[in-house]
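K.L.:
Listed below in structure tokens is the structure:
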């Protein structure tokens with residue numbers, strides 16, 4: 078399987094792997110982490126309008142439709158085939174209140190301020206580069222009243238720094254770094270602001286508390302580590318977190 082590391086690669090994933098992954102993603106509705114994510118979203122009821130940024134074929138939105146059959150549920154994704162197939166899957170299930178559209182996290186200008194009760198991501202910001210993350214966060218917070226991110230959070234800055242260096246040393250020794258892959262920042266420091274922009278450990282890990290405090294007060298943030306038994310993946314067990322923001 079090709080190691081997808083950027084959102085641009087996600088947009089063309091079907092050209093690399095075919096469309097089997099889209100159906101597999103749809104069929105991952107029972108993945109344990111989704112239950113925790115949906116439960117956290119449900120805490121912010123009543124919900125009349127919700128959007129997932131980076132929905133792929135829409136399994137999270139299918140689950141939300143079961144909880145909120147009267148809500149307007151929208152998903153956007155940069156992969157056109159995932160959007161097309163996802164709408165077909167939803168139609169076959171008779172789901173009428175969910176719609177998937179082509180779109181990307183970097184361009185949300187068509188949505189008005191606070192137009193969604195909940196905006197959420199599920200493993201999307203791990204693909205967003207440091208030079209884009211502030212713009213993406215700004216726009217997501219603009220359109221949502223409540224925001225939830227299921228992403229890689231830096232719980233330990235020393236471990237994050239070591240993992241960042243180790244990733245590139247191992248990758249370089251194995252000669253599989255592509256020319257467009259992120260490079261090591263040799264001037265990196267352990268300052269919170271530097272970590273908040275992102276360290277690359279295969280995907281981007283960030284100190285979301287430091288990053289989001291540039292936008293909202295600390296008391297409006299809540300970060301919950303994903304229990305290890307919910308995701309059989311070492312990186313998600315180490316870094317996985319649900320970050321909730323009241324905007």
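In my numbering, the protein residues as written are 78 to 324. For glycine and all other residues, C-beta sits at the position ideal for the given N, C-alpha and C.
Check the DSSP bridge columns for residue 215 and list the partner residues they point to.
P.N.:
Bridge partners of residue 215: none, in fact.
K.L.:
In angstroms, rounded to a whole number, what distance separates the CA positions of residue 96 and residue 134?
P.N.:
Each residue's Cα considered, the two are about 11 Å apart.
K.L.:
Rounding to the nearest angstrom, what Cα-Cα distance links residue 98 and residue 221 in this structure?
P.N.:
Cα to Cα, residue 98 sits roughly 30 Å from residue 221.
K.L.:
Rounded to the nearest angstrom, what separates residue 244 and residue 139 at their Cα positions?
P.N.:
Straight-line Cα distance between these residues: approximately 35 Å.
K.L.:
Taking the Cβ atom as the reference point for each residue, do residue 322 and residue 283 lie within a distance shorter than 8 Å?
P.N.:
In this structure, residue 283 does not lie closer than 8 Å to residue 322 by Cβ.
K.L.:
How is the alpha helix (DSSP H) around residue 164 delimited, first residue to last?
P.N.:
Start and end: 157-169.
K.L.:
Suppose you measure from the CA of residue 217 to the CA of residue 153; what does that come to, to the nearest Å?
P.N.:
Going by the C-alpha atoms only, they are around 13 Å apart.
K.L.:
By the DSSP assignment, the beta strand (DSSP E) with residue 112 in it spans what residues?
P.N.:
Counting along the chain, residue 112 falls outside any beta strand (DSSP E), though it belongs to the alpha helix (DSSP H) covering 109-119.
K.L.:
Quick one: any contact between the segment 119-135 and the segment 169-184, if contact means 3 or more CB pairs under 8 Å?
P.N.:
Contact holds: three or more Cβ-Cβ distances are below 8 Å.
K.L.:
Taking residue 304 as the reference, which of 109, 176 and 201 has the closest Cα?
P.N.:
Looking at the Cα atoms, 109 is the closest of the given residues.
K.L.:
Which residue wins for smallest C-alpha separation from residue 102, given the options 158, 249 and 223?
P.N.:
Measuring from the Cα of residue 102, the nearest candidate turns out to be 158.
K.L.:
Are at least three pairs of beta-carbons, each pair with one atom in the segment 271-281 and one in the segment 193-209, less than 8 Å apart?
P.N.:
Touching, yes.
K.L.:
Let me make sure I understand the geometry here. Which of 320, 136, 295 and 293 has the alpha-carbon closest to that of residue 229?
P.N.:
Residue 320 is the option with its Cα nearest to residue 229.
K.L.:
Which two residues bound the contiguous alpha helix (DSSP H) that contains residue 99?
P.N.:
Its alpha helix (DSSP H) spans residues 97-103.
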